[in-house]
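Everything below concerns the one structure shown next.
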């Protein structure tokens, strides 16, 4: 029996250690991996130092943050004007953790631009100009009064996010060299994606049913492996010296409109009005299918580099 | 000691060492954790107290906090000295003291020599975070390194220096570093990356490489300087202060690039054994020198 007797010291040490361990876990919010947890429950009180109680949750320190619940602002008095998360520090990684940010806006199916309530000012995630290298990834954002993501700082990265039914443009990245990929963007009151700064890129994304155009970029942008089909305005509009490759574009208007010196390669464009492709000066195109509807299929001053198929299947 | 007592003894010891910070922090998935708190005492066996955190055993490691090296002076933050290490920055940031002004003069102060991550053993993977204020964001003097989903900015020398063979750089943004944005050696790949506003070249690739789907804008020297038999495809190369693409070695294929508003040549081939097609050039100081056209190129709106 002696061999099975448990020394009191060991029991005490064990229980003490367990208590301390549990106490530590309770005191530190969120996952053990050190990322700062953000959830609906902490929003009214402030989720961490620097975050005032209430919306938006304000991130003012660099580091990694992760959602551990959905964030829903619809219970607020004027939810269309509420921003869920605001970032005002460089080097912030916001992992949506598969969760969703919910705002109140609903856009009617089949009626682009019919979004209510309208005129809101709230964003799902808003990065100020201080938010250099903001990264938002892996979740959903729906129904905010203005933008799903508004990123003002350079080097924004937005990856694997589903966005729908914003009062205005779903994604706005106005800083330089924004990198967007893996986006699903559907049915917003403004455009789908706007990268206003130089050198923005959009890869591997689908943009559909947005009222005021699909994708619009600044200069030296690139779109690759993008499906964009949208209403009222053109599908894809780029700045100077941009590159489009493997783009499937349908616009209720011109499908693709590229700035001077841009290239459009190995893509398909179709629109409800001609020309389907409009090129600024010194732009060029090759390997395109530009078909159906009327003529001319190409407008502006682009140079055909050959291997294009235009209206009724003719080479152009 | 009975089995029960042995179990309790080990449980107690484990708890005590974990609480006192003696043993390495290991997540439930077996990944070894690194944070600011452990740096001062050594994060795991083989790591001396203080910077750099020295990884000397193969395995999987990840940050669980930012590492701010500013108080330590000009140091490396993390040094990888074991083969086959995966280091996940997990969205956190490595920070040191250098600040670069950006713009065409782009001066940095102080000029540091340390690296955010210094890799001296082959097969390392570093991913998923940002590095700012060091001499180099990352220095790899080893082969077969993969650097992915990183942002390196305002480092006083280069953003990425990976000069050995077989390195892959994917989804990296190099911005406003003192010299080159990304430098890569032979048999390397730079893909879906961005080099913007760096004080030297956007990308300096001095071996046989594949550079594809990159955005290279507004760098103080060439957008891309290539020194091997390489493929340069589907890049946007714009607004650089010397040449857009300068291929010095020949034997390269250049296709599908948009090359605009670079100060000197859009495409400059020192050796005529390189060839090019489906490139669109506009607004450069001059269009193309050297190389061989495979047709389907446009130079300022005309075939070339």
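Chains as they are written, first to last, in the working numbering: chain A, 1 to 316; chain B, 317 to 620.
Ideal placement from N, C-alpha and C gives every residue a C-beta, glycine not left out.
On a predicted model such as this, the values are computed, not experimentally measured, just so you know.
- With a threshold of 16 other beta carbon atoms within 10 Å, residue 35 of chain A meets it and is buried.
- In the structure shown, residue 162 of chain A falls within a strand segment according to DSSP collapsed to helix, strand and coil.
- Between the region 93-113 of chain A and the region 169-176 of chain A, the count of C-beta pairs closer than 8 angstroms stays below three; the two stretches do not touch.
- In this structure, the CA atom of residue 357 of chain B is about 14 angstroms from the CA atom of residue 371 of chain B.
- Boundaries of the beta strand (DSSP E) harbouring residue 149 of chain A: 149-151, taken from the DSSP string.
- The region 237-254 of chain A makes contact with the region 204-220 of chain A; the number of CB pairs closer than 8 angstroms reaches 3 or more.
- For a Cβ distance threshold of 9 angstroms, residue set 554, 576, 577, 598 and 599 of chain B lies close to residue 240 of chain A, ordered along the chain.
- Residue 501 of chain B is outside the set of residues whose beta carbon lies under 8 angstroms from a beta carbon in chain A.
- A residue is called buried when at least 16 other Cβ atoms come within 10 angstroms of its Cβ; residue 45 of chain A does not meet this threshold and is exposed.
- Residue 382 of chain B reaches chain A at 62 and 63, counting residues in chain order whose Cβ is nearer than 7 angstroms.
- For residue 193 of chain A, the uninterrupted beta strand (DSSP E) run begins and ends at 193-195, by DSSP.
- Secondary structure at residue 105 of chain A: coil, using DSSP grouped into helix, strand and coil.
- Residues of chain B with a Cβ closer than 9 angstroms to the Cβ of residue 245 of chain A are, in chain order, 529, 550 and 572.
- Contact between residue 592 of chain B and residue 578 of chain B fails: their C-beta atoms lie close to 15 angstroms from each other, not under 8 angstroms.
- By the CB criterion at 8 angstroms, residue 556 of chain B and residue 535 of chain B fall inside the cutoff.
- Under a criterion of Cβ atoms nearer than 9 angstroms, the residues of chain A adjacent to residue 351 of chain B are, in order, 34.
- Nearest Cα to residue 209 of chain A within the set A:175, A:163 and A:178: A:163.
- Around the CB of residue 611 of chain B, fewer than 16 other CB atoms lie within 10 Å, so the residue is classed as exposed.
- For the region 420-485 of chain B, the full-length beta strand (DSSP E) segments reaching 3 residues or more read 431-435, 441-448, 452-456, 462-469 and 476-478 along the chain.
- The secondary-structure analysis by DSSP pairs residue 569 of chain B across a beta bridge with B:547 and B:591.
- Nearest C-alpha to residue 82 of chain A among A:247, A:258 and A:143: A:143.
- Taking 8 angstroms as the cut-off, the Cβ atoms of residue 617 of chain B and residue 301 of chain A count as close.
- DSSP, read as helix, strand or coil, puts residue 354 of chain B in helix.
- At a cut-off of 8 angstroms between C-beta atoms, residue 198 of chain A counts as an interface residue with respect to chain B.
- At least 8 angstroms separates the CB of residue 480 of chain B from every CB of chain A.
- When C-alpha distances from residue 465 of chain B are compared across B:374, B:519 and B:408, the shortest belongs to B:408.
- Remark: fewer than three beta-carbon pairs, one from each stretch, lie closer than 8 angstroms, so the region 385-405 of chain B and the region 482-500 of chain B are not flagged as touching.
- According to DSSP, residue pairing for residue 63 of chain A in a beta bridge involves A:92.
- Leaving aside the five residues that flank residue 204 of chain A on each side, the residues in its chain whose CB is nearer than 7 angstroms to its CB run, in chain order, 181, 182 and 225.
- Rounded to whole angstroms, the gap between the alpha carbons of residue 48 of chain A and residue 96 of chain A is 17 angstroms.
- One thing to note: residue 524 of chain B has its Cβ no nearer than 8 angstroms to the Cβ of residue 508 of chain B.
- Within 10 angstroms of the beta-carbon of residue 74 of chain A lie fewer than 16 other beta-carbons, which makes it exposed.
- Residue pairing for residue 605 of chain B: DSSP places it in a beta bridge opposite B:584.
- Here the region 421-438 of chain B makes no contact with the region 50-70 of chain A; the two share fewer than three CB pairs at distances below 8 angstroms.
- Residue pairing by DSSP places residue 552 of chain B opposite B:531 and B:574 in a beta bridge.
- At a cut-off of 8 angstroms between beta-carbon atoms, residue 536 of chain B makes no contact with chain A.
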